[in-house]
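Q:
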Amino acid sequence: MNSAFTPGVVPARLNAEELAQNFDDLHAPLRAHEAAVAADRCYFCHDAPCVTACPTDIDIPLFIRQISTGTPEAAAKTIFDMNILGGMCARVCPTEDLCEQACVREMAEGKPVEIGRLQRFATDTLMDRNSHPYARAKATGKRVAVVGAGPAGLANAHRLAMLGHEVVIYDARPKAGGLNEYGIAAYKSTDDFAAREVDWLMSIGGITLETGQALGDGLSLDGLADEFDAVFLAVGLGGVNALGITGDDKDGVADAVSFIADLRQASDLAKLPVGRNVVVIGGGMTAVDAAVQSKLLGADNVTIAYRRGRDAMSASRYEQDLAASHGVKLLFNVQPKVVHGNGAVAEIELEYTATDKGKLTGTGEVIRLPADQVYRAIGQTLVTDAGLKLDGRKIAVTGAGRTSRAGVWAGGDCAAGGDDLTVTAVAQGRDAAMDIHDVLMR
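Given below as structure tokens:
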């Protein structure tokens, strides 16, 4: 997108003080007394449904009890045993749809135990002491390549290093972290937490990071398989679906993931251009993050346009309500038809939709919205399959991430069967690491 030729798209709509306030921590961290009070609400269920709802199987009643007894470091160890990225997951995991939704307090009173904030309190307490709770096992002499330094790759690498293997992580970007670093709203992870978490994780030793290297561009699966004893692919989804409509290539039309990445890496938010009228096409978390942050940068009118009804949105109801609370308009049952404008986008034409016998169709009725920025957030695609068998549009896996090629595992967003959540990617990386270890040590 070339904002220089897009009328109405300018930087510094808000001053530095307003921007700092807008992009402050979404949820303030709990203080020790607040954490003790929050922990006291837990029933410590022996058959806790919150544990079943957690993709990483964290023993939630145990870590909350440890907080209530004044040992948050022990609570953090309980969390990290199952989820080494527990600090970030406490910030970005949709707890309202997972553990907190399953909480007995939620079902009885409509107010769950604040599991996510308690998890952040515990993990932050331990990480702030710059100590690492794990030591490496005796060296096995085995070497594993991990391609992709996102949540799945980092979790995989840490577990393998802890088990005594040497790990080399390759990533296409200049910095590690994947979506944690480049792909989530800035107000969910402040104070450069994603980078600090990577440094803390890698302090276990045995992990080497090589940036600027992508599979299919400098790296080949054959070469990695020859050099290493095992390979774990966590390459994510780097491609972005196009709108496929007239005007999709106009100035002012861009990918939401690129916008979010630019914002996350910006040293000065006042230099980021934003329009007066922004329309985001899509219904997932990326759409919400792009829309809310456009509003926080100073856009006057921001609309999320989604082709189906509210219940079909993949973004949680909490995220939908968060967007609405920031003044974002949610428009349902509309699909993009044409982007209008002379060189740069000026309006977007949307067609109302209806579902007939399970099939989505256009009704012929259209609406035009003024727009000087349009962001695509309609899903991402696999950049390379490395010659592996696919399941739909993702790499096919069985068991704990085994691919169609012996000695090669995959996990995270690039692998079939996931739900595109950070916490699920961590679980897949961890479980694949254990399976790789079992195979290598036979």
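Heads up: the sequence shown begins at 344 in the working numbering, then just goes up one per residue. All residues carry an ideal CB built from backbone N, CA and C; glycine is no exception.
1) Of the choices D781, A759 and L544, whose alpha-carbon is the least far from that of N473?
2) Thinking C-alpha only, which one of Q723, I588, Y718 and I603 is nearest P794?
3) Taking 6 Å as the limit between beta carbons, can you name the residues of its chain near R653, skipping five residues before and five after?
4) Helix or strand or just coil, what does DSSP make of Q723?
5) In angstroms with no decimal places, state the Cα-to-Cα distance between A573 and A776.
6) Report the rounded CA-to-CA distance for V619 versus R651, giving the unit in angstroms.
7) Just mark C393 as buried or exposed, buried being the case when its beta carbon has 16 or more other beta carbons within 10 Å.
8) When you compare each of V352, E540 and S668 to E524 by their alpha carbons, which one comes out closest?
9) Once you ignore the five residues that flank H370 on each side, which residues in its own chain have a CB closer than 7 Å to its CB?
10) At the level of alpha carbons, what is the spacing between L783 and A749?
11) So, for H796: in the same chain, excluding its five sequence neighbours on each side, which residues have a beta-carbon less than 6 Å away from its beta-carbon?
12) Note down the Cα distance separating D560 from G626, rounded to an integer number of angstroms.
13) Does S563 pass the burial test, meaning 16 or more other C-beta atoms within 10 Å, or should it be called exposed?
14) Going by the beta-carbon positions, is the gap between G744 and W752 smaller than 8 Å?
15) Which residues does DSSP list as the beta-bridge partners of A697?
16) Going straight from the alpha carbon of A419 to that of I647, what length do you get?
17) Mapping the DSSP letters down to three states, classify R736 as helix, strand or coil.
18) According to DSSP, is V671 part of a helix, a strand, or is it coil?
19) For the beta strand (DSSP E) holding Q678, just list the boundary residues, first then last.
20) Between Q771 and T698, what straight-line distance do the alpha-carbon atoms span, to the nearest angstrom?
21) Given this structure, state the Cα-to-Cα distance separating A714 from A720, to the nearest angstrom.
22) Have a look at G641, R356 and V631 and flag the residue whose alpha-carbon is nearest the alpha-carbon of I527.
23) Could you tell me which residues DSSP pairs with N644 in its beta bridges?
24) Thinking just about the alpha-carbon of each residue, which of L503, G581 and G496 is nearest to the one in K481?
25) Bridge partners for Y718 per DSSP, in chain order?
26) Using 8 Å as the threshold, is the C-beta distance between G754 and N426 below it?
27) So, G555 versus T724, is the Cβ gap smaller than 8 Å?
28) Sorted by chain position, which residues of the same chain lie with C-beta nearer than 7 Å to M656's C-beta, five sequence neighbours on each side aside?
29) Below 8 Å CB to CB, which residues in the same chain sit around Q585 once its five sequence neighbours on both sides are set aside?
30) If contacts are defined as beta-carbon pairs under 8 Å, then I410 and F464 qualify, I think. What distance do you get, rounded to the angstrom?
31) For R607, which residues from the same chain have a beta carbon less than 6 Å from its beta carbon, with the 5 sequence-adjacent residues on both sides left out?
32) Going by C-alpha distance, which of G491, A519 and A597 is nearest L558?
33) Check each candidate in L522, V622, T421 and V621 and name the one with the smallest Cα separation from L580.
34) Would you report the Cα separation of D728 and D734, rounded to the nearest angstrom?
35) How would you call Q364, buried or exposed, if buried means at least 16 neighbouring beta carbons within 10 angstroms?
36) Tell me which same chain residues have a C-beta within less than 6 Å of the C-beta of L469, skipping the five on either side of it?
A: This is what the structure holds:
1) L544
2) Coverage of the chain is limited to positions 344 through 785, which leaves residue 794 absent and any answer about it impossible.
3) F675
4) strand
5) 10 Å
6) Correcting the residue type first, residue 619 is Arg in the shown sequence and not Val. Each residue's alpha carbon lies about 26 Å from the other.
7) buried
8) E540
9) R460
10) 12 Å
11) Lying before the first or after the last residue shown, residue 796 is absent from the chain, which here runs from 344 to 785.
12) 32 Å
13) exposed
14) yes
15) T704
16) 37 Å
17) coil
18) coil
19) V677 to H683
20) 35 Å
21) 16 Å
22) V631
23) N620
24) L503
25) A597 and V623
26) no
27) no
28) G626, Y649 and Q663
29) Sequence check: residue 585 is Ala here, not Gln. Hits under 8 Å: D591 and R719.
30) 7 Å
31) Y525 and A529
32) G491
33) L522
34) 11 Å
35) exposed
36) E416 and A419
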